[in-house]
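Written below as structure tokens is the structure these notes are about.
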Amino acid sequence: MKIRFEDTPELLIAGVSHYGTLKGEGWESTNSIGHTWSRFTQFIDANPDIYNTSARDKNRDFEIHLWQENHWLDTKEFQVFVGYQISADKIGEIPPYMDIKVLPATTYAVLALEGEEITTWEQTLDRKLPKDKYPRRKFASGTEYVVQIYTKEFKLDSIESSTLQVLIPLDPVVQHITAS
0 MKIRFEDTPE LLIAGVSHYG TLKGEGWEST NSIGHTWSRF TQFIDANPDI
50 YNTSARDKNR DFEIHLWQEN HWLDTKEFQV FVGYQISADK IGEIPPYMDI
100 KVLPATTYAV LALEGEEITT WEQTLDRKLP KDKYPRRKFA SGTEYVVQIY
150 TKEFKLDSIE SSTLQVLIPL DPVVQHITAS
């Protein structure tokens, strides 16, 4: 797992979401993450013109997990959001049945994962990026989030030869340390 720090401007992500229980089994076609990806790909297949004119980079799709720690510990419920990046001038092109997430400009710890790291990164994250040294950024509501970026280098049927980027938002206090 390679880690670098990157200042990223505000991100606008258009997509679909699911809120519910996930017990840590990861992506499966039959669970909430798999169903959310299925809904997203159905949208792209049914609306190629919207996707082709509004996506900033058709080679990058986003999966965002959002949760509140205490609620997650009690219920194992969180939100999965799957979508693509748009620019502000394309918001009007997004159909009303889709949502838009606005992720604030921040410094991210960018994890470059390869092969089996893709399935195990969450287990080693706190050791590689301890929260006491790198506090995570939260929304004002206390909601935490993690962003996964999928490119053509991710192969669902061949994880061992895949790559994936994971963005961990860092607290603004850390930005001054890592950005200089």
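0 is the number of the first residue of the sequence shown in numbering that gives the first Met the number 0; add one for each residue after it.
Just so you know, even glycine gets a beta-carbon here, dropped at the ideal spot from N, CA and C.
Exercise for review: Confirm, please, whether the CB-CB distance from V165 to L112 is below 8 Å.
Suggested key: yes
Point to revise | For I49 and L110, the rounded distance between their alpha carbons | key: 30 Å
Review point. Excluding the five sequence neighbours on either side, which residues of its own chain have a C-beta within less than 6 Å of the C-beta of F153, listed in chain order?
Key: S161, L163
**Study point:** Bounding residues of the alpha helix (DSSP H) (the contiguous stretch that carries G33)
**Key:** 31-45
Review point. Under three-state DSSP, which class holds G91?
Key: Looking at G91 - three-state DSSP - the assignment turns out to be helix.
Point to revise | C-alpha gap between G14 and I90, whole angstroms | key: 12 Å
Check your understanding: Hey, which unbroken runs of the alpha helix (DSSP H) at 4 residues or more fall wholly within the region 62-138?
Key -> 68-74, 116-127
Practice item. State the DSSP-derived secondary structure class of E143, mapped to helix, strand or coil. Key: strand
Exercise for review: Return helix, strand or coil for H175, following the three-state DSSP convention.
Suggested key: Confidence in H175 is poor, its pLDDT being 43 and thus under 50, which makes the residue's placement unreliable; the coordinate value appears in the next sentence. Helix.
Review point. Candidates M0, E76, M97, I12: which alpha carbon is nearest N30's?
Key: E76
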